[in-house]
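In the working numbering, the protein residues as written are 1 to 129.
Read the structure below first, then the notes.
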Amino acid sequence: YMLPFSGTGGDAPLVRPVPFLPERFVKQASAVLRVQAAWRAHRERCALSCNLKTAATIRRCALCIQRCWRWSLLKRRLELLQGAKRAAQNVRGTSLYIEERLLIALNLINSVNRYPPLLFESGHGLAAT
């Protein structure tokens, strides 16, 4: 991190020295980690109640189900907010009347910080006056 350098009135930062690791030590640590990872993987494969191919298939199935579920949640949020936006755009007067439970649901969905940054959904602001 940066420290102020007192020789120039404090406006020029001074960088603290970083500990130096020789390349040989880094290679040794890397080799140790590889051996440990290989041993752990071997131990886990031996402990499986089924063969490796079946375990890989089960894992892929679980990931597929998780991906589909997460996409369906995002899709439902998008559809709800797009419907709310269309309804608000169709209002011709100065007031919009909405059920309290729907407003609470919209604010709850909108407050979850799980949107990808470039989705237009993240820019919707919902409020009651």
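Glycine included, C-beta positions come from ideal geometry on N, C-alpha and C.
Subject >> C-beta atoms of isoleucine 109 and leucine 80 nearer than 8 Å >> reply: yes
Subject >> Presumed contact (8 Å Cβ cut-off) between alanine 55 and leucine 48, rounded CB distance >> reply: 5 Å
**OP:** Given a cut-off of 8 Å, decide if leucine 96 and alanine 88 are closer than it, judged by their beta-carbon atoms.
**Re:** yes
**OP:** Using 10 angstroms around the beta-carbon of leucine 106, count the other beta-carbons present and answer buried if the total reaches 16, otherwise exposed.
**Re:** buried
**OP:** Just the C-alpha distance for glutamine 36 and arginine 43, rounded to the nearest angstrom, thanks.
**Re:** 10 Å
**OP:** Kindly indicate which three-state DSSP category threonine 129 falls into: helix, strand or coil?
**Re:** Confidence at threonine 129 is low in this model, with a pLDDT of 43, below 50, so its placement is unreliable and the value that follows should be read with caution. Here threonine 129 sits in coil by DSSP.
**OP:** Spatial neighbours of alanine 41 within its chain, please: CB distance less than 8 Å, with the 5 preceding and 5 following residues excluded, ordered by chain position.
**Re:** none
**OP:** Taking the CB atoms as reference points, tell me whether leucine 52 and arginine 60 lie closer together than 8 Å.
**Re:** no
Original post:
Which residues mark the beginning and the end of the alpha helix (DSSP H) in which isoleucine 65 is found?
Top reply: 52-89
Original post:
Where isoleucine 98 and leucine 33 are concerned, what is the direct C-alpha to C-alpha distance, given to the nearest angstrom?
Top reply: 58 Å
Subject >> Rounded straight-line distance, which links the Cα of isoleucine 58 to that of alanine 128 >> reply: Note on alanine 128: pLDDT 47, under 50, position unreliable in the model; the coordinate value appears next. One C-alpha to the other measures close to 47 Å.
Subject >> Helix, strand or coil at phenylalanine 25 according to DSSP, with G and I counted as helix >> reply: helix
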